[in-house]
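Chemist: Supplied in structure tokens, the structure appears directly below.
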Amino acid sequence: MSGFRDMKIWLFVCLVATLAHASQAIAAPTALGELTLEGQILAAALSDKKTRPFSGVVIIAQGKHVLFSYAHGVSTPITVNSRFLIGSLSKQITAVLALQQAQAGALRLNASPADYDLSLSEPWLKQVQVGELLNHTSGVTRPGAPLKFQSGDGFAYSNYGYEITGELIAQLSGRSYRELAAKLFERCGMTESVVPEANNATYPANLAQGFSEDEQGGLAAADRKVSSQHAPSSGVVSTAMDLVRWNQCLHDGVALEPEWYGKMTQASATRSHRWGDLGYGYGVQVSRQGPREYSHSGYVPGYISTLSYFPERKISLVVLENVSWSVRDMDRVFHHHDQVRSLLMQALQTSPTTVATQGRQ
Numbered sequence: 011m012s013g014f015r016d017m018k019i020w021l022f023v024c025l026v027a028t029l030a031h032a033s034q035a036i037a038a039p040t041a042l043g044e045l046t047l048e049g050q051i052l053a054a055a056l057s058d059k060k061t062r063p064f065s066g067v068v069i070i071a072q073g074k075h076v077l078f079s080y081a082h083g084v085s086t087p088i089t090v091n092s093r094f095l096i097g098s099l100s101k102q103i104t105a106v107l108a109l110q111q112a113q114a115g116a117l118r119l120n121a122s123p124a125d126y127d128l129s130l131s132e133p134w135l136k137q138v139q140v141g142e143l144l145n146h147t148s149g150v151t152r153p154g155a156p157l158k159f160q161s162g163d164g165f166a167y168s169n170y171g172y173e174i175t176g177e178l179i180a181q182l183s184g185r186s187y188r189e190l191a192a193k194l195f196e197r198c199g200m201t202e203s204v205v206p207e208a209n210n211a212t213y214p215a216n217l218a219q220g221f222s223e224d225e226q227g228g229l230a231a232a233d234r235k236v237s238s239q240h241a242p243s244s245g246v247v248s249t250a251m252d253l254v255r256w257n258q259c260l261h262d263g264v265a266l267e268p269e270w271y272g273k274m275t276q277a278s279a280t281r282s283h284r285w286g287d288l289g290y291g292y293g294v295q296v297s298r299q300g301p302r303e304y305s306h307s308g309y310v311p312g313y314i315s316t317l318s319y320f321p322e323r324k325i326s327l328v329v330l331e332n333v334s335w336s337v338r339d340m341d342r343v344f345h346h347h348d349q350v351r352s353l354l355m356q357a358l359q360t361s362p363t364t365v366a367t368q369g370r371q
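Structure (structure tokens):
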């Protein structure tokens, strides 16, 4: 493989449907190496309502170049520029902020959060390590609860662990989590990303109204308030294109030095997932089969999200929705996300390592 310039991919679709009843504009077919993937196939997967309707934005990009985009709103207008709460994708932001503190020598990943005089009274605080909070092996579950297992002995996904981390890096830096995130967003060119003000005194402009599915299958407007406490685990607001920029910033060596990027993306735990067993680093899922993939997903009331990055091709996949479907069936919740990812992975696996490019942004 001779580098990014020599392994560009044919994929020149730009498809945008901005409203629920808007017509879809499809450009030329998508050729991904030897495999021809019609833009209509991606559009059909997103338009299929048999499982449930899609409401949100999809972007596939190579580097900064948009290869495919789609926007469709069910209960409210959605455009590719709409903002969404990105849920647990926020954990990647927090992990980078923590690793930047470690990179600067202010934080040790093998130290206990208790070593840094946090204002927490959890009896187990001295038993866990900062790195274990980042890869969910600490046993921490929720405030006031005992450890699920001895730290380091298992995997238990924990929002609270990331909220502790957010408090820790704020204390070490002398700046709020919101300020730290804003500085990182500026560095990454993420002009549309923000941590909302404390307890959402005001909502970010262009934030899509979120909806939650009720027990009868109806959609009700979700409360968009996110407390500042939850921001490090699930409270960042962003756009699909800003998350493409995030992938570039993280994986192209802007956010972290190589040593610390390597620590972040090294699978130090195993997570059982609907895709199969995945490795888990610091705020990032790591594929164990197929093309190398770094990913994460998110689910908060009113919003769901998926972010993937395929480093060999510098391909980003971003899926953001403004409806949180019933958690009783997570395959249904992430149905369209998984469909588009599957089509993209099939194309990546079929195409040769070096491909000519014809396309447009």
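In the working numbering, each residue's number is its place in the sequence shown (first place is 1) plus 10.
Every residue gets a Cβ at the ideal spot worked out from N, C-alpha and C, and that includes glycine.
1) For the stretch 258-272 against the stretch 217-233, are there 3 or more C-beta pairs whose distance is under 8 Å?
2) Could you spell out the range, first to last residue, of the beta strand (DSSP E) harbouring Glu223?
3) So, using beta-carbon positions, are Tyr126 and Pro153 closer together than 8 Å?
4) Quick check: the Cα distance between Gln160 and Leu56, rounded to an integer number of angstroms?
5) Mind checking Asp252: buried by the 16 CB within 10 Å criterion, or exposed?
6) Would you report the Cα separation of Met200 and Val264, rounded to the nearest angstrom?
7) Going by C-alpha distance, which of His306, Val246, Gly164 and Ala279 is nearest Ser326?
8) Under the three-state reduction of DSSP, which class applies to Thr104: helix, strand or coil?
9) With distances taken Cα to Cα, identify the nearest neighbour of Phe7 among Leu157, Pro63 and Gln359.
10) Is it the case that the Cβ atoms of Gly162 and Glu142 are separated by a distance below 8 Å?
11) Comparing alpha-carbon positions, which option in Ser244, Leu229, Gly227 and Gly228 lies nearest Lys235?
12) In this structure, how does DSSP classify Ser65 when only helix, strand and coil are distinguished?
13) Are Leu99 and Phe78 closer than 8 Å when you measure CB to CB?
14) Looking only at its chain, what residues have a beta carbon closer than 8 Å to the beta carbon of Ser334, apart from the 5 residues adjacent to it on each side?
15) Within 10 angstroms of the Cβ of Gln359, are there 16 or more other Cβ atoms? Answer buried if so, exposed if not.
16) Can you list, in chain order, the residues of its chain whose CB lies under 7 Å from that of Ala208, leaving out five sequence neighbours each side?
17) How about Asn332 and Phe94: are their beta carbons less than 8 Å apart?
Modeler: Taking the definition as stated:
1) no
2) Phe221 to Glu223
3) no
4) 43 Å
5) buried
6) 13 Å
7) His306
8) helix
9) The displayed coordinates of the chain run from 11 to 371. Any statement about residue 7 would go beyond what the structure contains.
10) yes
11) Ser244
12) coil
13) no
14) Gly220, Phe221, Ser222, Glu223, Ala232, Tyr309, Val310, Pro311, Gly312, Tyr313, Ile314 and Val343
15) exposed
16) Ser238
17) yes
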